[in-house]
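Notes follow the structure.
2 protein chains.
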Amino acid sequence: MTSRPRHPKLSDATPGGPAGHDIGSHDDEPPRLDLGQFLPYRLNSLADRISQALSRIYGERFGITIAEWRVLAWLSHREELTAKQIGEHTRMDKAKVSRAIQALEGRTLIRRTQSAQDQRVQYLHLTQQGEALLSELIPQARAWEDELLATLSSEEYRDLLATMAKLERQLTHLER
Amino acid sequence: MTSRPRHPKLSDATPGGPAGHDIGSHDDEPPRLDLGQFLPYRLNSLADRISQALSRIYGERFGITIAEWRVLAWLSHREELTAKQIGEHTRMDKAKVSRAIQALEGRTLIRRTQSAQDQRVQYLHLTQQGEALLSELIPQARAWEDELLATLSSEEYRDLLATMAKLERQLTHLER
DNA sequence: GGCAACTGGTTTCATTTGAAACTATATGTT
DNA sequence: AACATATAGTTTCAAATGAAACCAGTTGCC
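Top line first, the protein sequences correspond to chains Z and E.
Each residue of the first sequence is one higher than the one before, starting from 1194 at the first, in the numbering used here.
Each residue of the second sequence is one higher than the one before, starting from 1194 at the first, in the numbering used here.
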């Protein structure tokens, strides 16, 4: 370890500090952490802001929670999913998925059918209403995304996705 | 609208699907959304995974919640912050900040001092214990971050931060 | 000085959350 | 066939959350 400045951190000028960070030698004064330079924090904060802004669209305009939106979106992408699968995709726990499904079914936006082979699983489908809602919601969500992305060039966007994919891979690597 | 494919979406090959998405013409069939290509979702999911992995470090090893960690980290970066300021930085609501502070004070990791000018505000400081904890925790957090970032080149890392900054700017722009 | 409007921080309360218990079905093992 | 083990999905329960009420102090205005 001890190897902090791997990535030059560009703005290594910690604004207005003795900048005597980077451990390594002996530490008499405690290490400081600039959260603005700490990727997990930055990323989280950005994602959070985006989520929140976006959830205003499907929350206020459509009365849909984030969990519900995710279920619907997955169903729009691929029909015949089970609660389990949705849970895996969205990384929401069983309970949350279950509740979202109940709520959506309550509003007849989705419908369930029992699997014939396995009585425990139930396949989920969009109803007409669900599809109708999505055909309003999805374009709006995309339009919003486009506005957000308008600030990026195609290359920047491409690179961003690629970098994120790398991080995801590394993450699964680290997780084990 | 209707202008989806602004950014060429590179891996347009949705793994194992008819890939017949991207609307554009007339829609008789409802639009489908591939969450895997939807930045808000991707970003959120990535940030979430990172947060969760990292929180294992300060959660399990140090018994610290995310909120508490954020408060501590900000205090490590700049002493003499108020609850208000921390709330602004971290975008956590008053209540959450207040609770984190209480918990941290309970464990004597931080200390408060009343402001002389304004009896309502109280400045927060790390205690010796708090500093001690951070001088263990911060290096570990950084080490973990380094492992995660090991997969990126310096340029990729730089670009990532730059792109994120752009998105953040755009977001504040859109928010108003 | 006194009154209204405001602000920093805490508390309350109803809602949301997630872990663990539970139900019902399925699979494997003897 | 009987029994243990596993799995899909639901429910329960205690803890975390956030909006709004609240308290204490401050500022502005007459």
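Every residue gets a Cβ at the ideal spot worked out from N, C-alpha and C, and that includes glycine.
query, result
"So which residues on chain Z does Q1363/E lean against when the C-beta distance must stay under 9 Å?", "E1340, L1341, L1342, A1343, T1344, L1345"
"Curious, which full-length alpha helix (DSSP H) runs of at least 4 residues does the stretch 1266–1343 of chain E contain?", "1276–1283, 1287–1299, 1321–1342"
"Look up P1233/Z in the DSSP assignment and say whether it is helix, strand or coil.", "helix"
"Can you give the Cα-Cα distance for E1349/E and A1288/E, rounded to whole angstroms?", "38 Å"
"Could you tell me the distance, in whole angstroms, from the CA atom of G1256/Z to the CA atom of H1270/Z?", "21 Å"
"Tell me whether R1369/E sits in a helix, a strand or coil according to DSSP, three-state version.", "coil"
"Pick from S1238/E, E1324/E, L1236/E: whose alpha carbon is nearest that of L1302/E?", "E1324/E"
"Smallest Cα separation from T1275/E: which of A1266/E, Q1315/E, W1267/E?", "Q1315/E"
"Against chain E, does I1257/Z count as a neighbour if the rule is that its beta carbon must be under 8 Å from one of theirs?", "no"
"I'd like to know if K1287/E contacts chain Z, where contact means its C-beta is closer than 8 Å to some C-beta of that chain.", "no"
"In whole angstroms, what is the alpha-carbon distance linking A1260/Z and S1346/Z?", "31 Å"
"Can you pull the chain Z neighbours of E1261/E, defined as C-beta to C-beta under 9 Å?", "Correct list: empty, because the minimum Cβ distance to chain Z is about 14 Å."
"How should E1368/Z be labelled, buried or exposed, when 16 other C-beta atoms within 10 angstroms of its C-beta is the threshold for buried?", "exposed"
"By DSSP, does S1204/Z sit in helix, in strand, or in coil?", "In this predicted model, S1204/Z has a pLDDT of only 43, less than 50, meaning its place in the structure is not dependable enough to derive any value."
"Run through chain E and tell me which residues come within less than 7 Å of I1250/Z, C-beta to C-beta.", "Near I1250/Z there are no residues of chain E at all, since even the closest Cβ is about 10 Å away, more than 7 Å."
"With 8 Å as the threshold, decide whether the Cβ of L1353/E is near any Cβ in chain Z.", "yes"
"Would you say P1332/E and P1224/Z are within 8 Å of each other, going by their C-beta atoms?", "yes"
"Determine the DSSP secondary structure at S1347/Z, reduced to helix, strand or coil.", "helix"
"Interface residues of chain E around I1243/Z at Cβ under 9 Å?", "L1232, P1233, L1236, N1237, L1360, L1364"
"What is the rounded straight-line gap between the Cα of E1281/E and the Cα of S1308/Z?", "50 Å"
"Just the chain E side, please: which residues come within less than 7 Å of I1294/Z by C-beta, in chain order?", "Those within 7 Å of I1294/Z in chain E number zero; the least Cβ separation is about 17 Å."
"Three-state secondary structure (DSSP) at G1256/Z?", "coil"
"Does the beta-carbon of R1313/E have 16 or more other beta-carbons within 10 angstroms, so that it is buried, or is it exposed?", "exposed"
"Distance, Cα to Cα, S1218/E vs R1235/E?", "Confidence in S1218/E is poor, its pLDDT being 45 and thus under 50, which makes the residue's placement too unreliable to answer from."
"How long is the line joining the alpha carbons of I1294/Z and A1334/Z, rounded to whole angstroms?", "21 Å"
"Secondary structure at E1261/Z, three-state DSSP: helix, strand or coil?", "helix"
"Counting only beta-carbon separations shorter than 8 Å, does L1367/E have a partner in chain Z?", "yes"
"Can you round the beta-carbon distance between T1344/E and Q1363/Z to whole angstroms, since I take them to be within the 8 Å contact cut?", "4 Å"
"Determine the closest residue to L1226/E out of S1238/Z, T1258/Z, I1250/Z, L1265/Z, with distance taken between C-alpha atoms.", "L1265/Z"
"Check whether chain E comes within 8 Å of I1279/Z, counting only Cβ atoms and requiring the distance to be less than that.", "no"
"Using CA atoms only, rank isn't needed, just tell me which of L1341/E, Q1245/E, E1338/E is closest to M1285/Z.", "Q1245/E"
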